[in-house]
Amino acid sequence: MCPVCHNDEETIIHSLASCSFARQCWDLLLPRMQWDVAVDFRQWLVCLFNSVSGEKYAEIVVLCWAIWRGRNDLVWNQKSTSVEGDGACVWANPLPNIVKVSVDAAVFGDRGGFAVGLFARDSDGLLVEARAKF
Ligand SMILES: [Zn+2]
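Residues 204 to 337 (the numbering used here) are what the sequence shown spells out, left to right.
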């Protein structure tokens, strides 16, 4: 059972795409997106990448990471995450002359695949680098 909405089975596609919390996050990032029902996370992500410009790729990967982190904070730390109305995320900039790198990864055992993503931001919060591999 999904620990966030308690309304559906917890799968990767549910947690990152169709859960009510995830949907609120996606609607803030991509407010005009028409969301199709997908049963497979990889298929959903490929369709998503194909429907946005390349400059959105890093934001999509970061949002996937943030949604999963919110889920983990709830499950492991009993800390709830909310969607901010203005789309702002709570993220502290690193100190001057420091680059903060955030990394996350997932293994899809049923397919023998994996995904990894990272982003780096400077002390002004500007994106220095973002990478994702599936
Ligand atoms: Zn849910």
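Each residue gets a CB set at the ideal place from its N, CA and C atoms; glycine is no exception.
Item	Value
Classification of C250 by the beta-carbon crowding that lies within 10 angstroms, buried from 16 upward	exposed
CB contact below 8 Å: N280 versus chain D	In the displayed structure, chain D is absent; only one protein chain is listed.
Buried versus exposed call for S285 [16 or more other C-beta atoms within 10 Å across all chains shown]	exposed
Contacting residues, own chain, Cβ-Cβ under 8 Å from S218 (five flanking each side not counted)	C205, V207, A225, I270, W271, R274
For E332, the residue or residues it bridges with in DSSP	A323
Proximity test, V207 beta-carbon vs ligand 1 heavy atom, cut-off 7 Å	yes
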